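Enquirer: Residue numbers (our numbering): 156 to 339.
1. Can you find the residues in the same chain that come closer than 8 Å, C-beta to C-beta, to residue 304, ignoring five residues on each side of it along the sequence?
2. Quick test of the definition: if touching needs 3 or more C-beta pairs under 8 Å, does the segment 261 to 281 touch the segment 309 to 326?
3. Report the option in 159, 160, 161, 166 whose CA atom is closest to the CA atom of residue 287.
4. Can you list the alpha helix (DSSP H) stretches of 4 or more residues lying completely in the segment 159 to 218, in chain order?
5. Using the three-state DSSP reduction, which class does residue 317 fall into: helix, strand or coil?
6. When the Cα atoms are used, what is the spatial distance from residue 299 to residue 192?
7. Please state whether the Cβ-Cβ distance between residue 246 and residue 175 is less than 8 Å.
8. Classify residue 333 as helix, strand or coil using the three-state DSSP reduction.
9. In chain order, what residues of the same chain have a beta carbon less than 6 Å from the beta carbon of residue 331, not counting five sequence neighbours either side?
10. Could you tell me which of 162, 265, 248, 202 sits nearest to residue 214, measuring between CA atoms?
11. In three-state DSSP terms, what is residue 277?
12. Determine whether the beta carbon atoms of residue 216 and residue 190 lie at a separation below 8 Å.
13. If we ignore side chains and look at the alpha-carbon of each, how far apart do residue 186 and residue 210 end up?
14. Apply the 10 Å Cβ neighbour rule to residue 251 and answer buried if 16 or more other Cβ atoms are within range, or exposed otherwise.
15. From residue 269 to residue 306, what distance separates their C-alpha atoms?
16. Using three-state DSSP, classify residue 293 as helix, strand or coil.
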């Protein structure tokens, strides 16, 4: 998938997720994400790393947004509680996974620039969430909002460089312990 097509595709997923959530449904965002993921994997040249990005994106969403929800700093709209994972709705995880996949092409520049990835995460993510909050009322920040936004920025400042590293290298190899006197 070409970088610009991927970038446009991600924006379409974001729009579907946020508009769907504003209308009380997580289905449009999840459906758009599944289509994006399918297309992405269809054109993937490094399938293992793309699958790792999917898993890592979900895990980062669980840690960052799930953690913020559990801490009472952020609330998300549009999901019956039975579908939430740690309080975060499926459309949020769909966005995390799709965003992680953009790091292999359209945002590949971040793979070799961890400081830029951290800065983009710290600033860009809170701006996107604020847009979803003010424009669509699907994200609610606890008072005082600046503390919630700072925690969100910190979470993304850590998660984005990690995701970029996975996009670059995949998961680090697991090295087996070598016992002295045994063949390596």
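C-beta: ideal position from N, C-alpha, C; glycine also.
Every value quoted in this text rests on a predicted model; they were computed, and no experiment measured them.
Expert: According to the structure data:
1. In the chain shown, the residue the question calls residue 304 occupies position 149. So the list reads 281, 284, 285, 296, once near-sequence residues are dropped.
2. yes
3. Along the chain shown, one-based indexing puts residue 287 at 132. Comparing Cα positions, the closest option is 166.
4. 182 to 197
5. Here the question's residue 317 lines up with position 162 in the chain shown. DSSP places residue 317 in helix when its eight states are reduced to three.
6. The count along the chain shown starts at 1 and reaches residue 299 at position 144. The count along the chain shown starts at 1 and reaches residue 192 at position 37. Rounded to whole angstroms, residue 299 to residue 192 spans 36 Å at the Cα level.
7. Translated into the one-based positions of the chain shown, residue 246 becomes position 91. Translated into the one-based positions of the chain shown, residue 175 becomes position 20. Yes.
8. Along the chain shown, one-based indexing puts residue 333 at 178. Low confidence applies to residue 333: its pLDDT is 49, below 50, so where it sits in the model is not reliable enough to give any reading.
9. Counted from its first residue, the chain shown places residue 331 at position 176. Only weak support is given to the placement of residue 331: the predicted model assigns it a pLDDT of 46, under 50, and the question is left unresolved by the model.
10. As a first step, residue 214 must be located in the chain shown, where it is residue number 59. Here the closest residue by C-alpha is 248.
11. Walking along the chain shown from the start, residue 277 turns up at place 122. Residue 277: helix per DSSP, three-state reduction.
12. Sequence index remark: in the chain shown, residue 216 carries index 61 (1-based). Sequence index remark: in the chain shown, residue 190 carries index 35 (1-based). No, these two residues do not count as a Cβ contact at 8 Å.
13. Within the chain shown, residue 186 is the residue found at index 31, counting from 1. Within the chain shown, residue 210 is the residue found at index 55, counting from 1. Each residue's Cα considered, the two are about 18 Å apart.
14. As a first step, residue 251 must be located in the chain shown, where it is residue number 96. Its Cβ being crowded by 16 or more others within 10 Å, residue 251 is buried.
15. For the purposes of this step, residue 269 is identified with residue 114 of the chain shown, where counting begins at 1. For the purposes of this step, residue 306 is identified with residue 151 of the chain shown, where counting begins at 1. Distance between the alpha carbons of residue 269 and residue 306: 19 Å.
16. Locating residue 293 in the chain shown gives position 138, counting from the first residue. Three-state DSSP puts residue 293 in coil, outside helix and strand.
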